[in-house]
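To start, the structure under review is shown below, and the notes come after it.
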Amino acid sequence: MSIALSAKRGFLLKEAPGGGRWKNRFFILASGTLQYYDGEMGLTDSGKKPLGVIPLLGSTVEATATSKSDFGFKLETNSLRRRSKYILACQSEEERDSWISEIEAEAARVSEKFKLMPIDKKGRLFREYGKEFRELFFVVSEAALLYFDDEKMTQPLGAVPLPGASVTLPKKARKQKNCIRLDCNVQGDDKKLILAVPEDSEYEAWKTILKKNSDVNINSAEGARAVRRATTVMGAHAADPSEGPEVEKMDAIGEDEEDEEEETEEIAKTEEAVDDKKAAEEEAAKKAAEEEEAAKKAAEEAAAKKEAEEAERLAEEAKLAEEKAREAEEEAKKEAEDLAKAEEERIAKEKEESERKEAMEKERQDLVEALAVAEKEYEELVEAEEKWLKEQREAEEAARAAEEAAKEAEERENAAKEAKAAAVAAAEKHAADLKAAEESEAKAAAEWQEAEEARLAAEQRAQELEQAKASLEAAQAAAEQSFAEAQAKREELEESLKNAEATAEAARQSKEKLEKEKAEYEAAVEKARKEKEEMEAAEKKAEEERLKQEEAERLAREQEEAAKKAEAEALALKREQELAELAKKKEELEALEAAARAKELRALAVEAREKVSSLEKDDPKYGDFEALAEKAEKDAEEAEEVARKEEEEAREAEAKAEAERKAAEEAEAKAEAEKKAAEEAEKKAAEEKAAAEAAAAEAERERLEYEASKAAEEKERKEKEEAERQAKEAAEKERLAAEEKQRAEDAAKAAEEEAARAAEAEANIAEAVVEKEMEKEISDAKYEEELQEAVDSSYKAAEDRLEADKAGHEAANAEASASEADIEAKQAAAASEKAAADAEREAAEAAGASDEVKKEMDEADQATAAADKEAAEAEAAKESHERSRQEADSARLKEMQERAEKDAAEVKMLLARATADDKKADAEQGLQKAGIKLVTNGGMLFKYQRAKVKKGSSGKPHKKQCTMSQAHGLDWGKNSFRVTRVIKGPSTFIQENISPTEELCDRSFHVVGRENNDKSGAVTESEVDFFCETKQERDLWVAGVEALIE
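Sequential numbering from 8 applies to the sequence shown in our numbering.
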């Protein structure tokens, strides 16, 4: 243990703890402690260990009378472990008063230093004593952990050094939460500490500061300095790593001086052995000392006086140097704090800049993604438009194919009609020849018979004609009604046609507007691309300016750090210079002492030699004085050698001091240069910062302009989509109107044709009736023939009129398509021809037509059937075309609906994602404010579980140490719980079983999910209720679990 130059020292009597025994001990007062040894200690005796160390922090001293001496005093200390009392005595009243005043001054100094100690962290914590926890006030200062009764910090209850300590979590759960285990390199109760942090928000802070101080290497220079700083505050209870196990031994020896009840026999025996050894040595040296006492006394008094004066002077200088060193240390500490504060501000500024940059990058990415989505939608729109045009072309081609097929069917039908007409003409001619032959053969035999039958038949036919006339009148009335309905339908179709033309005109205008908006949209997209490129260029420029600013700030910091480092080095060199000066003065003092001692010894040797010269050889004292003279000469030579060495060391110290002085001057010059360079770098950094801020402001302005243009583009895109939708609807209406117009025109045309045929047939019938009435007077044969022809013609006209009425009625009601009306008209014509053919066949069969005529009639029927088949095929083709068109419209409508649903789903997903992100961000922010990490959140919870609560039971909860992680959800013990749903308040099941109070409901939450037992491997569907200490803690847990679910 080193000894300070300014320390007060001297022999005092010390009473043993048991009382009755007094021992002479050498005491040294220094560094806030009172150390005592078994013998005198010199200035250079630093290797010897003290018998004990008395800490003076919080001590009291007072004069007291004892049986041993009237100059005694009592020293009581409130040490870090226990209260101790020491009885000491001096040789005089002046010496006693001097010791008391010095001890009181040193105690006041260390107490003041204790009050001004730097505090790294303080607060109230719980310390475990046995199975109970006691609340104390803890302070972390200069790598030491001190604890007190309260915040006044008047007297520490205990302290431990932190370098080399182990900071871990307790292996077993404790009653308190947020526990920390501290294993320290000390002996006794403070070797292991279990601390509990009451506030969750302070847990990480305490853990970090303890870990930071414990990570200091106990064997390094920094660790040794930290422990020495703690020793200054704690006295004998700080273990110095430089002393190793000896300190523990010394501490064990000194404990008998601190506690009267724990004195050991081993310590007593050790002290007695030391006393006996010292007594023996004193007895052996007493005789030689008596002989030399007279010669040495005068020299010792002079040397002691000179030494005292020089020591007093050196002590004053040392005090001044110590004060300067203290001031320098405080300045260095203040500068270090300023530097740390500036570093924290720089880190905060860098973090803020990084967050702003990340936000700008995120916004840029969002804009790029939005632009990509807009381009993709535009491409999809173009593809849909091309697809729709393609479908329109296919539909038109199919319609043209159907028209060609209808034309071919019509040509075939005409060919069949011509063939049928030729066959009918041939059949009529053949029938006329046969009839002429039969009339020739039977004219004579059956003329009267036939005339009678003809008359009867004529009468019957006249009645039938009257009936047919009535039927024709009824059919005429129906035809007139159908014609009126067709005329009304035609007017309605004409009105629809006008509306369709107006709609088509509106669709054409919408299409033109759509094309114009499309061109404007493409121009806006090009403009947005250019603005995006400009914004990226501005961001790149701002980034370059920011990098320049960071580089300038880094250089400024380096220059500033270098300047501070140079100043610190200059200060350290200056301090070393001062120490070197002190060492030089010390060496000079020791050299003077050695020279004086050598001079005195040489004088004694000369005196002894003169004494020997004055004696005769046969004198009994001659031998003794001869030996004494030789010894004195030898001692003088040794002292002279020591003086020479001391003189050389003084010269070396002087040279070292001069070198230190020069180094300090150079360091000061270097520090000044570094300071100027730092100021220039700081100025340059300020200029770079101003440029970077201007570039950032320009980039921000361009970003805002880009966002505004992006919003305008989004608005134009929506308007364009709406216009396209309206244009499509107008085009579809135009197409439907055109089809409706065509169908109406075809239906009206067919109705007019059928009405004209019906009117012509009616006129023919009326004319025939009039002619028949006027020719009643003609001969029976002629009348019968003409009547037969009129009847046949009337029947045929009636049939034609009925068919025409039917076709006109069907054509008037055919609104689906013009092709259907044409096909029905063709079917009506084919039926009419078939009826005529049937009538002719019957006539031919009645007249006995030959097989050849029948064959021709069959061929005509086959041609008619072929025509009917072709008409049916044409109708099927038209229906197929109509189905294709409807399917294309349905597919297009379905595609538009799917696209709308997809857009709605994407918007919903984005909204849900944004809501989830906001919710998660709020949860993380709340957890961070409470000092809880989302990934590794832990704490004590009261847990209920469905499988462990029976209906009607009290349902007492049990605590579980729960943690929350992204990988496992909620964990407790050997069970992990993957949460799928969480709600505030307990479940209905728990409410029915335990009937919790309203306050309990406010601080509970319920989770549903899958529970995994790590021990058995079973996975079950479970419901669990948790209860927290407070409602705020419940809200934090719920927010964290909800964030894990999403």
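Built from N, CA and C at the ideal position, the CB exists for glycine as well. Remember, predicted model here, so these are calculated numbers, not experimental data.
*asked:* Using only CA atoms, which one of Leu562, Met542, Val68 and Gly165 lies nearest to Lys682?
replied: Here residue 682 is taken as the residue at index 675 of the sequence shown, counted from 1. In terms of Cα proximity to Lys682, the closest of Leu562, Met542, Val68 and Gly165 is Leu562.
*First and last residue of the alpha helix (DSSP H) that includes Thr1037?*
As a position in the sequence shown, residue 1037 is number 1030, starting the count at 1. Per DSSP, Thr1037 belongs to no alpha helix (DSSP H) and is neither H nor E.
_Burial state of Gln1039, where buried means 16 or more other Cβ atoms lie within 10 Å_ = In the sequence shown, the residue the question calls residue 1039 occupies position 1032. Exposed, since its Cβ has fewer than 16 Cβ neighbours within 10 Å.
*asked:* For Tyr528, count the other beta carbons within 10 Å of its own beta carbon; 16 or more makes it buried, fewer makes it exposed. Which is it?
replied: Along the sequence shown, one-based indexing puts residue 528 at 521. Tyr528 should be labelled buried.
_Taking 8 Å as the threshold (C-beta atoms), are Leu64 and Arg118 in contact?_
Taking the first residue of the sequence shown as position 1, residue 118 is located at position 111. Taking the first residue of the sequence shown as position 1, residue 64 is located at position 57. Checking the displayed sequence, the identity of residue 118 turns out to be Ser instead of Arg. Yes, these two residues count as a Cβ contact at 8 Å.
*Would you say Glu731 faces chain D, with C-beta separation under 8 Å as the test?*
The structure shown has no chain D; it contains just one protein chain.
*What number of angstroms, rounded off, separates the C-alpha of Ala680 from the C-alpha of Leu153?*
Here residue 680 corresponds to residue number 673 of the sequence shown, with the count starting at 1. Here residue 153 corresponds to residue number 146 of the sequence shown, with the count starting at 1. One alpha carbon belongs to Ala680, the other to Leu153, and they sit about 43 Å apart.
*Return the chain-ordered list of same chain residues with a C-beta closer than 7 Å to the C-beta of Glu69, the five sequence neighbours on each side being excluded.*
Taking the sequence shown and counting its residues from 1, the one referred to as residue 69 is at position 62. Contacts found: Phe80 and Lys81.
*If Glu695 and Lys555 are in contact, beta carbons under 8 Å, what's the gap, nearest whole angstrom?*
Position 688 of the sequence shown, counted from the first residue, corresponds to residue 695. Position 548 of the sequence shown, counted from the first residue, corresponds to residue 555. About 5 Å separates the CB atoms of Glu695 and Lys555; that is less than 8 Å, so the two are in contact.
*Leu217 - containing alpha helix (DSSP H), residue span*: As a first step, residue 217 is located in the sequence shown; it is residue number 210 there, counting from the start. Leu217 -> alpha helix (DSSP H) spans Asp207 to Ser221.
_Where Ala1025 falls: helix, strand or coil (DSSP)_ = What you label residue 1025 is simply residue 1018 of the sequence shown in a count that begins at 1. Taken through DSSP and simplified to helix, strand or coil, Ala1025 comes out as coil.
*Enclosing beta strand (DSSP E) for Ser173 [first to last residue]*: Locating residue 173 in the sequence shown gives position 166, where the first residue counts as 1. Here the beta strand (DSSP E) through Ser173 covers Ser173 to Thr175.
*Assign Ser221 to one of two classes, buried (16 or more other C-beta atoms within 10 Å of its C-beta) or exposed (fewer than that).*
As a working note, residue 221 is residue 214 in the sequence shown. Looking at its Cβ environment, which holds 16 or more other Cβ atoms inside 10 Å, Ser221 is buried.
*Buried or exposed for Asp1032, please, with buried defined as at least 16 other CB atoms from any protein chain shown within 10 angstroms of its CB.*
Along the sequence shown, read from residue 1 onward, the residue named residue 1032 stands at position 1025. A residue is called buried when at least 16 other Cβ atoms come within 10 angstroms of its Cβ; Asp1032 meets this threshold and is buried.
*Kindly indicate the opening and closing residues of the beta strand (DSSP E) around Glu1018.*
Looking up residue 1018 in the sequence shown gives position 1011. Following the DSSP letters along the chain, one finds Glu1018 inside the beta strand (DSSP E) bounded by residues Ser1011 to Asn1020.
_Three Cβ pairs or more, each shorter than 8 Å: is that satisfied between the segment 104-120 and the segment 31-44?_
At 8 Å Cβ cutoff, the stretches touch.
*By how many angstroms is the C-alpha of Ala718 removed from the C-alpha of Lys727?*
Translated into positions along the sequence shown, residue 727 becomes position 720. Translated into positions along the sequence shown, residue 718 becomes position 711. So the alpha carbons of these two residues sit roughly 14 Å apart.
*Round the Cβ separation of Ser148 and Met124 to the nearest angstrom and send it over; I've been treating them as touching at under 8 Å.*
Stepping through the sequence shown from its first residue, residue 148 is reached at position 141. Stepping through the sequence shown from its first residue, residue 124 is reached at position 117. With a Cβ gap of about 5 Å, Ser148 and Met124 count as contacting.
*Who pairs with Thr84 in a beta bridge, going by DSSP?*
Taking the first residue of the sequence shown as 1, we reach residue 84 at position 77. Per the DSSP secondary-structure output, Thr84 pairs in a beta bridge with Ser91.
*asked:* Checking 8 Å against the spacing of the C-beta atoms, do Ala650 and Ala615 come in under that value?
replied: For the purposes of this step, residue 650 is identified with residue 643 of the sequence shown, where counting begins at 1. For the purposes of this step, residue 615 is identified with residue 608 of the sequence shown, where counting begins at 1. Result no, Cβ atoms of Ala650 and Ala615 do not sit closer than 8 Å.
*Top-ranked residue by Cα proximity to Glu101, from Phe78, Val613 and Glu83*: Working through the sequence shown from its first residue, we reach residue 101 at position 94. The shortest C-alpha to C-alpha distance from Glu101 to any of Phe78, Val613 and Glu83 is the one to Phe78.
*Cβ shell of Val1026 (< 6 Å), same chain only, five flanking positions each side left out*: By one-based count along the sequence shown, residue 1026 stands at place 1019. So the qualifying residues of the chain are Arg1017 and Asn1019.
*When you compare only the Cα positions, how much space is there between Ala734 and Glu519?*
The residue you call residue 734 lines up with position 727 of the sequence shown. The residue you call residue 519 lines up with position 512 of the sequence shown. So the two alpha carbons sit approximately 9 Å from each other.
*At least 3 beta-carbon pairs within less than 8 Å: the segment 705-723 vs the segment 567-575*: Of all C-beta pairs linking the segment 705-723 to the segment 567-575, fewer than three are shorter than 8 Å, placing the two stretches out of contact.
*Give the secondary structure of Met160 by DSSP, where H, G and I count as helix, E and B as strand, and everything else as coil.*
Taking the first residue of the sequence shown as 1, we reach residue 160 at position 153. Residue state, collapsed to three classes: coil.
*Apart from the five residues just before and just after Ala172, which ones in its own chain have a Cβ nearer than 7 Å to its Cβ?*
As a first step, residue 172 is located in the sequence shown; it is residue number 165 there, counting from the start. Excluding positions up to five away in sequence, the list reads Leu189, Asp190, Cys191, Asn192 and Ser221.
*Under a three-way DSSP split, which group does Ile354 fall into?*
Here residue 354 refers to the residue found at position 347 of the sequence shown. In the displayed model, Ile354 falls within a helix according to three-state DSSP.
*In whole angstroms, what is the alpha-carbon distance linking Gly630 and Asp642?*
By 1-based counting over the sequence shown, the position of residue 630 is 623. By 1-based counting over the sequence shown, the position of residue 642 is 635. Using only the alpha carbons, I get a separation of about 18 Å.
*State the DSSP-derived secondary structure class of Met542, mapped to helix, strand or coil.*
Translated into positions along the sequence shown, residue 542 becomes position 535. Residue state, collapsed to three classes: helix.
_Quick check on DSSP: helix, strand or coil for Glu681?_
Taking the first residue of the sequence shown as position 1, residue 681 is located at position 674. Helix at Glu681.
*Rounded to the nearest angstrom, how far is the Cβ of Glu667 from that of Leu580, given a contact under 8 Å?*
Here residue 667 is taken as the residue at index 660 of the sequence shown, counted from 1. Here residue 580 is taken as the residue at index 573 of the sequence shown, counted from 1. Yes, Glu667 and Leu580 are in contact; Cβ-Cβ is about 6 Å, under 8 Å.
*Proximity winner among Lys652, Lys624 and Ala702, relative to Arg553 (alpha-carbon distances)*: Within the sequence shown, residue 553 is the residue found at index 546, counting from 1. For the residues Lys652, Lys624 and Ala702, the minimum Cα distance to Arg553 belongs to Ala702.
*Relative to the C-alpha of Lys591, which residue among Lys548, Lys572, Met542 and Glu654 is closest?*
Within the sequence shown, residue 591 is the residue found at index 584, counting from 1. The option with the nearest alpha carbon to Lys591 is Glu654.
*Buried or exposed for Ser621, please, with buried defined as at least 16 other CB atoms from any protein chain shown within 10 angstroms of its CB.*
Looking up residue 621 in the sequence shown gives position 614. That one is exposed.
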